[in-house]
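Chemist: The opening residue of the first sequence carries number 803 in this note's numbering; numbering runs sequentially from there.
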Amino acid sequence: MARVDPEEYVEEVLAVVERIPPGRAMSYGAIADYLSDRSGRSSARLVGSIMAKHGGSVPWHRVVAANGRVVPGHQGEALARLVGEATPMKNGRVDLSRAAWWPE
DNA sequence: GGGGTGACCCAGT
DNA sequence: TACTGGGCCACCC
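(1) Taking the alpha-carbon positions, what's the G855 to H863 distance?
(2) Rounded to whole angstroms, how far is the Cβ of P890 from the Cβ of R900, which I believe are closer than 8 Å?
(3) Relative to the alpha-carbon of W904, which residue among L848, V812, R826 and E810 has its alpha-carbon at the smallest distance?
(4) Can you tell me whether DSSP reads A902 as helix, strand or coil?
(5) Please name the residue or residues paired with M828 in a DSSP beta bridge.
(6) Report buried or exposed for G858, applying the criterion of at least 16 other Cβ atoms within 10 angstroms of its Cβ.
(7) Would you give the residue range spanned by the alpha helix (DSSP H) that E879 belongs to?
(8) Compute the distance between the beta-carbons of V849 and V815, then report whether it is under 9 Å.
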């Protein structure tokens, strides 16, 4: 069967992240679900793992965990960027209820 | 071929 | 709000 190469999957993930408009955010699970419908393979852990390796070229700060928490190690920076883009926040966490976005 | 690992997710305490 | 345990699934060695 023609499973997508890891590099292709990475490209898809990065493409979706780049498509996230300012002031919006997506959770790893959401991206995984979107890619699942597109490439058949997804898992929130996969997306996170990919971001850890190849996320340096995309606005990873717009990607947060499903509970609205920002990535460890860069919270301060991510938070500042999110605030600068008017992303809905709540006590240091992203309010996904308002920031949730979907690539359509 | 087998085992360990993880930018996660959900529910319970 | 924070912490714990269990589950998930592909990646890397």
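Ideal Cβ placement from N, Cα and C applies to all residues, glycine included. Note that the coordinates shown come from a computational prediction; the quantities given were computed from them, not determined experimentally.
Modeler: With the given structure in hand:
(1) The amino acid occupying residue 855 in the given sequence is Lys; Gly does not appear at that position. Between K855 and H863, the C-alpha separation is close to 15 Å.
(2) 4 Å
(3) The alpha carbon of W904 has as its nearest neighbour, out of L848, V812, R826 and E810, the alpha carbon of R826.
(4) strand
(5) V865
(6) exposed
(7) E879: member of the alpha helix (DSSP H) spanning Q877 to G886, first to last residue.
(8) yes
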